[in-house]
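Colleague: Numbering (our numbering), first residue to last: 150 to 537. So that we are looking at the same thing, I have put the structure below in structure tokens.
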Ligand SMILES: Nc1ncnc2c1ncn2[C@@H]1O[C@H](COP(=O)(O)OP(=O)(O)OP(=O)(O)O)[C@@H](O)[C@H]1O
Ligand SMILES: [Mg+2]
């Protein structure tokens, strides 16, 4: 039977709103049931979308939903409940309101050294973000203010979110990762308030990094059923953005990063003038970057490559055209195949090491759909060159 895109999409949206509704009511069991539905529907939509923009969108949403499920099951984190709250203090007045805290004070443990490849991107980040903090006098000799607004764009799974976390790890500063789930609200007027609350909280820190993931789902008009609603969110965002970097204290740096895998769908007001004026293209890993990623995957499991017919170099070559996320997912599946065999061996009392081998690698590669197509890369290159 032919794939009915429209029907699937409606079912997917219905499942998503059910997830939100149930998790808001703390009904985790039923919430998980609909979450599983939404995960498989987003996968189906990604596999069957012919328009590359939609394909990317569903791949991203699928990954996000899987992460939500993992956090919910393993850590009990419910994204639709207030995570960490502070009571408003009102000079002895009764505490009326509770405010959501968006920032984490503990910086991530990763740094730019953990990022594979993307050497130009790292150089640009050091120049604009890391060095100003270390060498403020020199920077202020040349500039009126430091801090910057970065737009990272590129295909899914190539490290935009990872790079943002690595920057926070380098700066050792408070950071917030905001995505559409944190902001969009069915009640008109709530989303602009949340945006203001985020920026207000950012102003409490001397150094901070504010990361808006999937900017396009927040600020692309296509996503909204109600254009006034979208316009209000965008206006609130632009107003907050203009005041954000206006600090002249050399000991402070505020960085704002937006990420998208559909940069051409962004409202142009977002990338006009001084807004998000540093554009970084986060693209597929080159040979060295892939080698780094494959080696990292085996760093603590080198025995899996003993006495076998496959090498890190061969895998690196075969991964040409695959994203970092694809590589990690494929290698995980390959390891699982060896593990399954080891379990069977153990049952039969055979104790020898089962390495990963070309057969397992081929099997997984043959059944895996590469999430980045050549055609989609052309769009990104056109955007980078200013053609779209
Ligand atoms: N260049 C890279 N260096 C190190 N790890 C990477 C790199 N690219 C991808 N990865 C790995 O893949 C995972 C997924 O990447 P990430 O979520 O950062 O991609 P993304 O570009 O933000 O994708 P999306 O557009 O779907 O949000 C990361 O958590 C990381 O483990
Ligand atoms: Mg991301």
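Heads up, the beta-carbon is just placed ideally off N, CA and C, and yes, glycines get one too.
Could you tell me which residues DSSP pairs with residue 430 in its beta bridges?
Modeller: Position 281 of the chain shown, counted from the start, is the residue given in the question as residue 430. Partner(s): 302.
Colleague: Compare the beta carbon distance of residue 297 and residue 348 with 8 Å and say whether it is the shorter of the two.
Modeller: Locating residue 297 in the chain shown gives position 148, counting from the first residue. Locating residue 348 in the chain shown gives position 199, counting from the first residue. No. Outside cutoff.
Colleague: So the alpha helix (DSSP H) residue 207 belongs to, where does it begin and stop?
Modeller: One-based indexing of the chain shown puts residue 207 at position 58. Taken as a continuous stretch (DSSP letters only), the alpha helix (DSSP H) holding residue 207 covers 201 to 219.
Colleague: Where does residue 200 land, buried or exposed, given buried means 16+ other C-beta within 10 angstroms?
Modeller: Here residue 200 corresponds to residue number 51 of the chain shown, with the count starting at 1. The residue is exposed, with fewer than 16 neighbouring Cβ atoms inside 10 Å.
Colleague: For residue 554, which residues in the same chain have their Cβ closer than 7 Å to its Cβ, ignoring the five residues on either side in sequence?
Modeller: A question about residue 554 goes unanswered here, because the residues of the chain that appear run from 150 up to 537.
Colleague: Determine the burial state of residue 492: buried for a count of at least 16 other Cβ atoms within 10 Å of its Cβ, exposed for fewer.
Modeller: Taking the chain shown and counting its residues from 1, the one referred to as residue 492 is at position 343. So residue 492 counts as exposed.
Colleague: Who are the near neighbours of residue 452 in its chain, counting only those whose CB is closer than 7 Å to its CB and skipping five residues on each side?
Modeller: Taking the chain shown and counting its residues from 1, one reaches residue 452 at position 303. Cβ within range, chain order: 502.
Colleague: Given a cut-off of 8 Å on the beta-carbon distance, is the pair residue 320 and residue 356 in contact?
Modeller: Here residue 320 corresponds to residue number 171 of the chain shown, with the count starting at 1. Here residue 356 corresponds to residue number 207 of the chain shown, with the count starting at 1. Closer than 8 Å, so yes.
Colleague: For residue 520 and residue 469, which I take to be in contact (beta-carbon distance under 8 Å), what is that distance rounded to the nearest angstrom?
Modeller: Translated into positions along the chain shown, residue 520 becomes position 371. Translated into positions along the chain shown, residue 469 becomes position 320. Not quite, the Cβ-Cβ distance comes to about 14 Å (not below 8 Å), so this is no contact.
Colleague: Would you mind sorting residue 328 into buried or exposed? The rule is 16 or more other CB atoms within 10 Å of its CB.
Modeller: Translated into positions along the chain shown, residue 328 becomes position 179. Buried: at least 16 other Cβ atoms inside 10 Å.
Colleague: With contact counted as at least three CB pairs below 8 Å, one residue from each stretch, are the stretch 299 to 306 and the stretch 401 to 410 in contact?
Modeller: Contact between the stretch 299 to 306 and the stretch 401 to 410 is present, because at least three Cβ pairs lie under 8 Å.
Colleague: With burial defined as no fewer than 16 other Cβ atoms inside 10 Å of the residue's Cβ, what is the status of residue 600: buried or exposed?
Modeller: Past the edges of the chain, shown from 150 to 537, lies residue 600, and the structure says nothing about it.
Colleague: Are there three or more Cβ pairs, one per stretch, closer than 8 Å when the stretch 411 to 426 is compared with the stretch 280 to 289?
Modeller: No: the two stretches stay apart, fewer than three of their Cβ pairs being nearer than 8 Å.
Colleague: Pick out whichever of 403, 168, 488 and 187 has its Cα sitting closest to the Cα of residue 179.
Modeller: For the purposes of this step, residue 179 is taken as the residue at position 30 of the chain shown. Ranking 403, 168, 488 and 187 by Cα distance to residue 179 puts 168 first.
Colleague: Put residue 158 into one of helix, strand or coil per three-state DSSP.
Modeller: Numbered from its first residue, the chain shown carries residue 158 at position 9. Residue state, collapsed to three classes: helix.
Colleague: DSSP three-state label for residue 245, please.
Modeller: Locating residue 245 in the chain shown gives position 96, where the first residue counts as 1. Residue confidence is low: residue 245 scores 43 on pLDDT, short of 50, so the model does not pin down where it sits. No coordinate-derived value is stated.
Colleague: Quick check: the Cα distance between residue 446 and residue 477, rounded to an integer number of angstroms?
Modeller: Taking the chain shown and counting its residues from 1, one reaches residue 446 at position 297. Taking the chain shown and counting its residues from 1, one reaches residue 477 at position 328. About 7 Å.
Colleague: In angstroms with no decimal places, state the Cα-to-Cα distance between residue 497 and residue 489.
Modeller: For this step, residue 497 is matched to residue 348 along the chain shown. For this step, residue 489 is matched to residue 340 along the chain shown. Cα-Cα distance, rounded: 13 Å.
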